[in-house]
Amino acid sequence: MAVSQAGAIRVGGIRAGGEWPMSPDVTPDQSSAPAPASLTPSGAGLWPAGAATGVGSLPGTDPVEAQKMVFDELPDLPHLPELPARGPGGGLLGRSSALLVDLPVDLQPAGWRLVQRPGLDLRRARDLLARDLDALVETAAGYTGPFKVAAAGPWTMAAQLELPRGHKALSDTGATREIAESLAAGLAEHLAELQRRMPGARLIVQLDEPSLPAVLAGGVRTPSGFSALPAVEQGLVASRLRALADHLRASSAAGGPLAQRAASGPGAPGVGATAAAGAIAVGVHCCASTVPFAALQAAGMRFIGLDAGLLTRAEDDLVGEFVDAGGWLVAGLVPTTGGSVELSDVRRTVEPVIALWNRLGFRPEQLGEVVAVAPACGLAGFGADTARAVLRHCRQAGRMLVDAPA
104 MAVSQAGAIR VGGIRAGGEW PMSPDVTPDQ SSAPAPASLT PSGAGLWPAG
154 AATGVGSLPG TDPVEAQKMV FDELPDLPHL PELPARGPGG GLLGRSSALL
204 VDLPVDLQPA GWRLVQRPGL DLRRARDLLA RDLDALVETA AGYTGPFKVA
254 AAGPWTMAAQ LELPRGHKAL SDTGATREIA ESLAAGLAEH LAELQRRMPG
304 ARLIVQLDEP SLPAVLAGGV RTPSGFSALP AVEQGLVASR LRALADHLRA
354 SSAAGGPLAQ RAASGPGAPG VGATAAAGAI AVGVHCCAST VPFAALQAAG
404 MRFIGLDAGL LTRAEDDLVG EFVDAGGWLV AGLVPTTGGS VELSDVRRTV
454 EPVIALWNRL GFRPEQLGEV VAVAPACGLA GFGADTARAV LRHCRQAGRM
504 LVDAPA
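If you use my numbering, the sequence shown corresponds to residues 104 to 509, in order.
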């Protein structure tokens with residue numbers, strides 16, 4: 104990946120024949136990465152103790168109403184929700200495709216496909232995203248604190264997007280590289296727009312990677328479904344994620360492109376104020392089983408979001424190593440599958456993560472500092488009242504991790 108010292112990423116495009124321009128991979132210098140910290144002490148962290156957050160989608164089509172729900176129910180760690188009910192451009196993949204720079208997409212019967220020129224589907228997706236950002240002017244006025252924004256990660260996008268001729272982008276090394284670079288550039292612009300609308304916010308990026316375990320295991324099916332694509336080497340997965348995160352951090356640093364853009368325009372806070380909001384923290388959410396902890400830790404991810412109901416005791420050591428190295432967790436403790444949720448007993452909700460913490464031998468008072476509570480996955484399939492109740496339940500569970508962690 105070609106990354107300049109200023110944090111700019113080269114973005115290419117599709118050749119007329121549908122072939123992808125190739126460029127050599129540059130593996131980030133691991134020795135230049137910051138050394139992992141020990142378990143984070145009280146008072147210093149990505150989010151306040153006892154925080155709860157969402158992981159993505161909500162029901163409905165009104166961004167103002169959805170964002171008001173988020174700020175009302177998740178005041179310590181609000182997020183920018185997706186509204187898939189508005190159409191394909193409102194879901195995770197559609198919104199994330201709208202962020203890509205110089206890589207237009209179009210909606211085909213089989214899903215989103217990389218194409219030569221932008222079309223109506225991409226314009227709709229970008230329009231929906233612009234409406235979401237504009238709504239923040241009303242819903243987030245005066246907000247100061249952490250704010251989480253999600254996008255599909257580069258490997259999930261490569262596993263889901265198709266090349267012009269119908270093959271999975273994951274099948275082409277050049278295509279996966281271009282997607283990662285384009286996403287990094289687009290996310291930097293997206294974060295700058297968010298910072299202009301929320302000058303007091305400290306932005307946190309969640310890369311949604313539900314397809315990552317399949318990418319690593321060689322489980323991504325070809326479009327025909329008759330075969331699977333080869334597994335991607337763990338080192339390459341980690342290096343691409345690390346390069347993307349490094350680019351966002353470089354862009355948000357004082358004098359970087361993100362800070363400069365966020366500081367421009369009417370009502371902007373100025374470069375100094377923008378940089379003071381804090382460096383971008385990047386993590387990965389993976390609601391699949393067998394979360395690839397080793398790859399994500401090697402990539403320098405600050406936090407991992409997961410479905411706590413899918414964790415097994417065999418993964419205790421992996422979780423412990425990540426947390427002991429300074430990592431944070433977003434624990435999906437409220438199941439969202441099956442069309443119904445059980446919200447009667449907050450203590451029962453938090454028991455799995457308390458039991459895990461005790462097995463790992465960490466101090467109980469650190470549980471509520473390091474772990475934020477969330478639904479296991481998105482809430483688009485529920486009604487608005489149920490979604491609000493789930494988020495409120497998550498907030499109560501987060502407080503219990505602080506008030507009664509043992």
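Note that beta-carbon positions come from the ideal geometry of N, C-alpha and C, so glycine has one too.
At least 8 Å separates the beta-carbon of ALA253 from that of LEU225.
Classified as buried, VAL422 has 16 or more neighbouring CB atoms from the shown chains inside 10 Å of its CB.
If you compare the alpha carbons of ARG227, ALA169, LEU470 and GLY303 with that of GLY248, the shortest gap goes to GLY303. Taking 4 residues as the minimum length, the alpha helix (DSSP H) runs contained wholly in the region 196–245 are 223–242, in order along the chain. Only residues of its own chain outside the window of five on either side were considered, and among them ASP179, LEU180, PRO249 and ALA475 have a CB closer than 7 Å to the CB of TRP150, listed in chain order. By the criterion of at least three beta-carbon pairs nearer than 8 Å, the region 443–450 is not in contact with the region 404–411. When the beta-carbon positions are compared, VAL433 and GLY408 come within less than 8 Å of each other. Rounded to the nearest angstrom, the Cβ distance from GLY256 to ASP311 is 6 Å, consistent with a contact under 8 Å.
Per DSSP, the beta-bridge partners of GLY435 are ASP410 and ALA477.
When the Cα atoms are used, ILE383 and GLY289 turn out to be separated by approximately 15 Å. Non-local C-beta neighbours of THR325 in its own chain, meaning closer than 8 Å and more than five positions away in sequence, comprise HIS270, LYS271, SER274, ALA331 and LEU332, ordered along the chain. In this structure, the beta-carbon distance from GLY148 to GLU472 falls below 8 Å.
ILE307 is bridged by DSSP to LYS251 and ALA384.
A straight line joining the alpha-carbon of ALA317 with that of MET260 spans about 13 Å. In this model, LEU177 and GLU168 are separated by some 14 Å (Cα to Cα). Taking the Cα positions, SER199 is about 13 Å away from VAL308. Per the coordinates, the alpha-carbon of SER285 lies some 17 Å from the alpha-carbon of GLU296. Scanning its chain for C-beta atoms nearer than 7 Å, with the 5 sequence neighbours on each side dropped, one finds around ALA334 the residues LEU319, ALA320 and GLY321, in chain order. When secondary structure is reduced to three states using DSSP, SER355 falls in the helix class. The continuous alpha helix (DSSP H) containing TRP258 extends over residues 257–263. Taking the Cα of TRP431 as reference, the smallest distance to any Cα among GLY386, ILE457 and THR276 is reached at GLY386.
Within its own chain, the residues whose Cβ lies closer than 8 Å to the Cβ of ASP419, once the five positions on either side in sequence are excluded, are LEU459, ARG462 and LEU463, listed in chain order. Closest in C-alpha terms to SER355, from the list GLY193, ARG305, VAL218 and ARG216, comes ARG305. Taking 8 Å as the cut-off, the Cβ atoms of PRO162 and ALA483 count as close. Between HIS350 and ALA283, the alpha-carbon positions lie close to 11 Å from each other. When the five nearest sequence neighbours on each side are left out, the beta carbons in the same chain lying within less than 6 Å of the beta carbon of PRO455 are those of ALA411, in order along the chain.
Taking the C-beta atoms as reference points, ARG300 is found nearer than 8 Å to VAL240. LEU504 is the residue among PHE485, PRO438 and LEU504 whose C-alpha sits nearest the C-alpha of ARG450. SER160 carries a strand assignment under DSSP once its states are collapsed to helix, strand and coil. Note: GLU185 is bridge-paired with SER160 in the DSSP secondary-structure output. Residue pairing by DSSP places CYS389 opposite LEU409 in a beta bridge. Cβ contact annotation for ALA477 (same chain, cutoff 8 Å, sequence separation greater than five): ALA155, THR156, GLY157, VAL158, GLY408, VAL433, ALA434, GLY435, LEU436, VAL437 and CYS497, in chain order.
The C-beta separation of GLN337 from ALA398 comes to about 5 Å, placing the pair in contact by the 8 Å criterion. Residue nearest to SER327 within the set ALA213, LEU494, ASP230 and GLY501 is ALA213 (criterion: CA-CA distance).
In the DSSP assignment, the residues bridged to LYS271 are GLU265.
For ALA152, the secondary structure class from DSSP, reduced to helix, strand or coil, is coil.
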